[in-house]
Amino acid sequence: MNPSFVLNIFVTVIFAIVLYFILPILASDMPNQLSAAIGVLVGGLLVPALSKLFSSSNLSNDKDESSEVSTLYVGNLPYRADEEAVQEHFEQQGSVVSVRLMKDRRTGKRKGYGFVEMHPKGADKAIKNLNDSTFQERTLKVRLAKEKIEEE
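Our numbering applies: residue 1 is where the sequence shown begins, and numbers increase by one.
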């Protein structure tokens, strides 16, 4: 179960219990079931809103490099190169998240280009150090990949 979901349930129950005892004191003609229902309603509405507020402020303050990924286009790859060899080559520059080498759908043969996903610092270093460098007797072309534009 998601920890934030469990926390939301816990705080909602606390609100319900507190309002179950406090509302009848404030409004003596209010039945206990109504005060508990109001507590659950208030807790159920406030807690998710507050948790979103706090979690989004924490994310913007503590942007973790591990959550950000840059995609690199790698061109002029040797046709015999596989994902593992490309990953080993790029890991010298930084942490590699994934490697995808493009293949012809019909023949299954590699097309000589692919994409490497890396953390931004490693990606910048890879562009600087690996563009126009030699890999398995081929001169690589490394740059940031263009965003894929989906047609409607």
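Think of the CB as a built atom: it goes at the ideal place given N, C-alpha and C, for glycine as much as any other residue.
Small disclaimer: the values here were computed from a predicted structure and weren't measured.
- Per DSSP, V86 is one residue of the alpha helix (DSSP H) stretching across E83 to E91.
- In the DSSP assignment, G122 falls within the alpha helix (DSSP H) that extends over P120 to L130.
- Taking a 10 Å sphere around the C-beta of F21, we find fewer than 16 other C-beta atoms and assign the residue as exposed.
- DSSP, read as helix, strand or coil, puts L77 in coil.
- At a Cβ-Cβ threshold of 8 Å, G122 and Q93 count as neighbours.
- Note that the C-beta distance between V116 and I127 is not below 8 Å.
- Linking L26 to N8 through their CA atoms gives a straight-line distance of about 26 Å.
- Distance check between V96 and each of N76, T107, R138 and T71 places T71 closest, using alpha-carbon atoms only.
- Around the beta carbon of V6, a 10 Å sphere encloses fewer than 16 other beta carbons of the protein chains shown; the residue is thus reported as exposed.
- Taking the Cα of Q136 as reference, the smallest distance to any Cα among K103, G112 and F10 is reached at G112.
- The continuous beta strand (DSSP E) containing L101 extends over residues V96 to K103.
- Inclusion of L77 and G108 in the CB contact set at 8 Å is not warranted, their separation being larger than that value.
- Take L130, set aside five residues on each side of it, and the residues of its chain with a beta-carbon closer than 6 Å to its own are L140 and V142, in chain order.
- Straight-line measurement puts the Cα of F10 at about 55 Å from the Cα of R106.
- Here the alpha carbon of H119 sits roughly 18 Å from the alpha carbon of E84.
- In this structure, DSSP gives L26 a helical state, which the three-state scheme calls helix.
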